[in-house]
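Encoded as structure tokens, the structure appears first; notes follow it.
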Amino acid sequence: MATTTVPRWPATSFSDVELDPSASHHLVLTTDHAAADHVGHPTGASVLHMSGADDDALAEALQAARVGWRFVVVGSGAALVRVRTAILAAGAIDAEVSVVDLGGGDGFAAGERDVYCAHCHAITTTTAGVDESLTCSGCASPLVIYYHFSSRHHAYLGFHPDAEELP
Ligand SMILES: [Zn+2]
0 MATTTVPRWP ATSFSDVELD PSASHHLVLT TDHAAADHVG HPTGASVLHM
50 SGADDDALAE ALQAARVGWR FVVVGSGAAL VRVRTAILAA GAIDAEVSVV
100 DLGGGDGFAA GERDVYCAHC HAITTTTAGV DESLTCSGCA SPLVIYYHFS
150 SRHHAYLGFH PDAEELP
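Right, dumping it as structure tokens:
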């Protein structure tokens with residue numbers, strides 16, 4: 000779709016990524032087990048395996064990062080956006096971050112997004128759009144996706160339509 004603002008990634012295999020010989024270090028970040036298996040043990044790069052919302056490991060790795068590092072995010076779905084956003088927030092520039100979408104580059108075609116629950120703070124990944132509803136994976140509340148993207152949570156805000164006010 001020409002009108003989508005949803006990101007698409009050109010690389011669909013780790014071998015599509017050219018490691019930059021001028022970089023001081025390459026850090027490969029895998030967002031799930033399939034990605035970890037896919038990447039294996041590449042030469043000339045270190046690998047950080049994340050499982051789900053293992054944000055502590057990510058934050059630690061980013062704290063250790065230095066100028067000249069390159070990042071390769073490997074996985075599928077909304078986790079790619081989440082990890083890439085965190086790397087950029089830590090000070091990397093766009094050109095230093097490559098993304099490999101094992102979902103074939105169209106994992107976002109259906110508008111997959113993360114929704115942050117205003118009530119229990121759980122994050123639910125969904126294909127529902129803004130103003131549509133879903134069930135929170137944390138508290139099982141019916142949530143409506145509010146048109147607000149939180150850069151802090153890297154997710155859209157969802158709230159219970161019958162709640163009196165946002166907490
Ligand atoms: Zn909830």
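Numbering (numbering that gives the first Met the number 0), first residue to last: 0 to 166.
Built from N, CA and C at the ideal position, the CB exists for glycine as well.
As the structure is a computational prediction, the values presented were derived from the model and not from experiment.
Residue i: CB within 7 Å of a non-hydrogen atom of ligand 1
i	result
residue 12	no
residue 121	yes
residue 170	Lying outside 0 to 166, the shown extent of the chain, residue 170 is not represented and no answer is given.
Residue i (DSSP reduced to helix, strand or coil)
i	result
residue 91	coil
residue 84	helix
residue 21	coil
residue 121	coil
residue 132	strand
Buried/exposed call for residue i, threshold 16 Cβ in 10 Å
i	result
residue 144	buried
residue 66	exposed
residue 119	exposed
residue 58	exposed
residue 113	buried
residue 63	exposed
residue 151	exposed
| message | With three or more C-beta pairs closer than 8 Å as the rule, is the region 119-133 touching the region 86-98? | response | no
| said: Check whether the region 137-144 and the region 67-81 touch, using three or more Cβ-Cβ pairs below 8 Å as the test. | reply: no
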